[in-house]
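Structure first, commentary second.
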Amino acid sequence: MIDKVVSSAAEAVADIPDGASLAVGGFGLCGIPATLIQALHDAGIGDLETISNNCGVDDWGLGILLADHRIRRTVSSYVGENAEFARQFLSGELEVELTPQGTLAERMRAGGAGIPAFYTPAGVGTQISEGGLPQRYDGAGGIEKASEPREVRDFDGNDYVLERSVRPDFALVHAQKGDRYGNLVFHAAAMNFNPLAAACGRITIAEVEELVEPGELDPADVHTPGIFVQRVVVVGDSEKRIERRTVSDRQGA
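This note's numbering numbers the first residue of the sequence shown as 2 and each following residue consecutively.
Here you go:
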C-alpha cells in the first residue's frame, strides 16, 4: 500500500495548474477544505473552474479565490450568500452554470462511478432542459452566453432530461479522520458533498483533522475508500465558521 500523506497543504496543491477544474466538498461553510483553498490562494493559482454546491462567502472558502478573480467559471447550485459572486456574475466577469442541487450531487457521483450521463426529472419544462439560462452576462444587462437545450426523453410516460456527469482534474475535500492509505471518515453534516467530490476528481486531495494509522479505522465506518484519494494532508482542528448567524431577541434582554 502507498503512504499518501504529504507534509503540507502547499505541497498537496503544488501541481494544480492555472486553468484546472476542481470539485470542492462542503455545503455552505460546513465541511469545506479551507486549508487547501487557502494554499491555492497563496500559490497564486487562477483561471479555475470550480464544481461546488456554493462558492463560499465573501471572505472565506472559495470566496477568497473569487474575490481575487481566480475563478473564471463555476458549476453550483446555491450562491445566495456571496455578494461578490453576484456582482461578478451580473457584470460579466464570471461564468456560472446553475444546476439543481440533487442533479449536481448525482453528476459528481456518476463521474466517480464512470457513468458519462444520466436522465433525471429535475429541470424538465424549465430553462434547465429548454435552454436559455444565463451563464455569462455582457456587463451591460444583456446575455453573452446562455445554456443550450438538452435532450429530453420519455420513460414510461414521464419526461426526463439528460445530464452529463463531471470528472474534474482535481478534487479538494475535508475529513474528520483519515489514514495513510487515504481512507476517510467525515463528521456529521460534512458528509454533504465531500464523498461525492472525492469520488469524481481525477486526483483527490484530502485535508484531515486527525491522522490515524492503517487498521485503526473500522472498515464499516469508512465513508470514502482510499482508492479514490491520492494525497492526504493533516491540518488539525479547523476553524468552523457560521455562514449566517441568526440570534433571536429576548424581551427585556
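Beta carbons: idealized from backbone N, C-alpha and C, even for Gly.
Ranked by Cα distance from residue 105, the first of 210, 65, 251, 51 is 51. With contacts defined by Cβ atoms closer than 8 angstroms, residue 47 and residue 57 do not form a contacting pair. Taken through DSSP and simplified to helix, strand or coil, residue 205 comes out as strand. In the DSSP secondary-structure assignment, residue 138 is bridged to 144. Burial check for residue 165: the Cβ neighbour count within 10 Å stays below 16, so the residue is exposed. If you look at residue 96, you'll find it in the beta strand (DSSP E) that goes 96-99. Residue pairing by DSSP places residue 24 opposite 52, 172 in a beta bridge. Going by beta carbons, residue 224 and residue 32 fall outside the 8 angstroms limit.
A buried status is given to residue 180, since no fewer than 16 other beta-carbon atoms sit within 10 Å of its beta-carbon.
Membership of residue 77 in the beta strand (DSSP E) is indicated by the continuous run 72-77. Per DSSP, residue 10 is one residue of the alpha helix (DSSP H) stretching across 10-13. For residue 177, the secondary structure class from DSSP, reduced to helix, strand or coil, is strand.
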